[in-house]
Structure formats: C-alpha cells, structure tokens
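One structure is given below, encoded as structure tokens.
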Amino acid sequence: MPEIYQLPSSVVNKIAAGEVIERPASVVKELVENSVDAGSTRINVSIGKGGSEYISVADNGCGISADQLQLAVASHATSKLRDADDLFNVSTLGFRGEALASVSEVSQFVIRSRTDENNAGSELEINGGQLSEIQPCGCPVGTSITVRNLFFNTPVRRKFLKTVQTEMGHISEALTRIALPHPGVHFTLQHNEREIYDLPATEDWQERIASLFGRE
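Residue numbers (my numbering): 5 to 220.
Right, dumping it as structure tokens:
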C-alpha cells in the first residue's frame with residue numbers, strides 16, 4: 005500500500021493558490037475587488053503582455069498600516085469577517101482572506117501601502133511565497149500591488165496560459181464585471197502602456213454602460 009504523509013506547507017500553498025488563481029484575469033479580479041472593498045474612488049490597472057509579464061493595480065483606498073502588512077498577505081487573514089454569523093451578511097466583494105496569499109505564492113509580488121494617518125508608506129516584497137523584511141517607502145494614501153512573472157514557480161500552469169490576446173480578453177471582461185456595478189469608481193486599464201479603458205466616475209449608470217459597450 006502507498007504510504008500516506010502530510011504535504012509540506014509550501015506544496016499545500018501552491019495547490020491552494022492554483023485553486024484561486026487560474027490565469028492573469030484571476031489576479032486582476034481579486035486585486036480590483038480588494039481595491040473596491042477598501043473604499044477606493046480611483047483604481048488604475050496596468051498589464052504587460054497579457055498579464056504574464058506584470059500586473060499592476062493601484063488604488064486610493066484606505067490603505068494598510070505597516071503592522072498589518074504581513075497579516076494582509078497571510079492565508080485566511082481578513083478584515084471582512086469576524087465570526088461565522090458574518091457569512092450571512094457579507095457586504096464585500098471578497099471575504100476569505102486568500103487572494104493576496106495565493107497571488108504572492110506564485111509570483112514575484114510587491115505591495116506598497118499607506119494609510120491617511122501615516123506620513124510614509126510601507127513596502128513588502130514576496131518572491132514565490134518567501135517574505136522579505138517590511139521597508140518604509142514613499143507612496144500616496146492607498147495601496148499599489150505589482151505582480152511579476154506569474155506562475156514562474158509553477159511552470160506547468162504557466163505553460164497552459166493562452167495567447168496574449170486571449171488572456172487580455174479575460175482581463176478586460178473581469179474588469180468590466182466589476183466596473184459595471186460600481187459607476188462611482190474611476191477605473192482605468194492599460195495594456196503594454198496603451199489605454200484600453202478610461203471610465204470616469206459617474207452618477208448615471210447608463211454613462212458607465214455606454215463607456216463600456218458604446219452608446220448605440
């Protein structure tokens with residue numbers, strides 16, 4: 005009989021990451037949802053080579069304090085739930101506390117954040133799940149996350165990424181699904197430094213729909 009044994013935590017984390025992060029669009033979805041939940045009024049998304057080279061999401065939300073930064077990238081750590089009863093009253097786009105932990109496990113990941121109460125921000129680098137020391141940095145209030153070389157340490161998953169055009173189509177759809185019900189947030193999307201969307205905040209939902217799908 006084959007022997008049963010406990011998997012190392014590094015393997016467990018990579019398997020878990022694969023369940024949450026299927027492709028670059030999954031990263032965009034998770035990061036942008038966090039930005040919306042942070043109360044942002046502007047969210048800028050920048051993509052390189054369909055997300056395989058880099059994904060950058062920057063917002064002007066509430067930010068994360070330096071003493072909470074490591075916890076923010078830990079598995080099953082969240083500010084959106086306190087107990088099981090909260091599951092029946094979820095009012096946020098995400099709540100599991102898995103997004104940042106999963107993304108940082110399979111990428112070269114940098115998060116910079118600053119709260120309104122602090123004069124300086126904090127930066128944390130994670131390389132395939134390996135955390136560096138938190139460093140002070142200059143940045144505006146809010147959070148910016150850069151994800152480079154997605155799936156660099158899980159080559160089988162990287163191999164199954166589709167063409168740049170296909171992956172970019174999934175990213176555009178993911179952003180559209182979030183931008184449509186949040187017309188009060190200004191969204192931008194760039195690919196290889198070329199503007200794809202610039203969606204100013206509006207109180208008229210039809211304006212947001214027209215910006216994405218055309219007035220006709």
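Cβ atoms here follow ideal geometry from the backbone N, Cα and C, with glycine treated the same way.
Express the C-alpha separation of residue j and residue i in angstroms, rounding to a whole number.
i, j, result
"aspartate 63", "aspartate 41", "11 Å"
"leucine 12", "glutamine 134", "For the record, residue 12 in the displayed sequence is proline; it is not leucine. Taking the straight line joining both Cα atoms gives about 14 Å."
"leucine 193", "phenylalanine 92", "33 Å"
"isoleucine 149", "glycine 54", "17 Å"
"threonine 82", "alanine 183", "23 Å"
"glutamine 72", "glycine 125", "12 Å"
"serine 14", "glycine 132", "9 Å"
"arginine 256", "valine 31", "With the chain running from 5 to 220 in the structure shown, residue 256 is simply not present."
Residue i: which of the options sits nearest, CA to CA?
i, options, result
"serine 60", "Asn48, Gly67, Lys53", "Asn48"
"glutamine 74", "Gly65, Ala105, Glu57", "Ala105"
"arginine 152", "Leu11, Lys33, Ile115, Glu199", "Ile115"
"leucine 154", "Ser14, Pro6, Lys18, Met5", "Lys18"
"alanine 76", "Val107, Leu97, Val94, Ala88", "Val107"
"serine 176", "Ile68, Glu109, Asp202, Ser79", "Asp202"
"serine 79", "Val16, Ser50, Ile200, Glu121", "Val16"
"histidine 190", "Val36, Ala20, Glu102", "Val36"
"serine 69", "Thr119, Val160, Pro185", "Thr119"
"serine 50", "Glu220, Glu199, Arg219, Ala205", "Glu199"
"phenylalanine 164", "Glu7, Gly43, Ser56", "Ser56"
When burial is assigned at 16 or more other CB atoms within 10 Å of the CB, is residue i buried or exposed?
i, result
"asparagine 222", "Shown here, the chain extends from 5 to 220; a query on residue 222 therefore has no answer."
"arginine 181", "exposed"
"lysine 166", "exposed"
"methionine 5", "exposed"
"arginine 212", "buried"
Enumerate in chain order the residues of its own chain whose CB-to-CB distance from residue i is below 7 Å, with the five nearest sequence positions on each side excluded.
i, result
"isoleucine 52", "Isoleucine is not the amino acid found at residue 52; the sequence shown has glycine there. Cβ within range, chain order: Tyr58, Asn196."
"alanine 21", "Ser106, Glu109, Val110"
By Cβ distance, which residues of its chain are closer than 8 Å to residue i, with the 5 residues on each side in sequence left out?
i, result
"aspartate 208", "Pro187"
Could you name the residues of the same chain whose beta carbon sits closer than 6 Å to that of residue i, not counting the 5 residues immediately before and after it, in chain order?
i, result
"arginine 162", "Phe155"
"methionine 172", "Gly54, His195"
"glutamine 112", "Asn131, Arg152, Asn153"
Practice problem: Mind the definition here: the region 125–144 touches the region 25–40 only if three or more C-beta pairs lie below 8 Å; say whether that holds. | Solution: no
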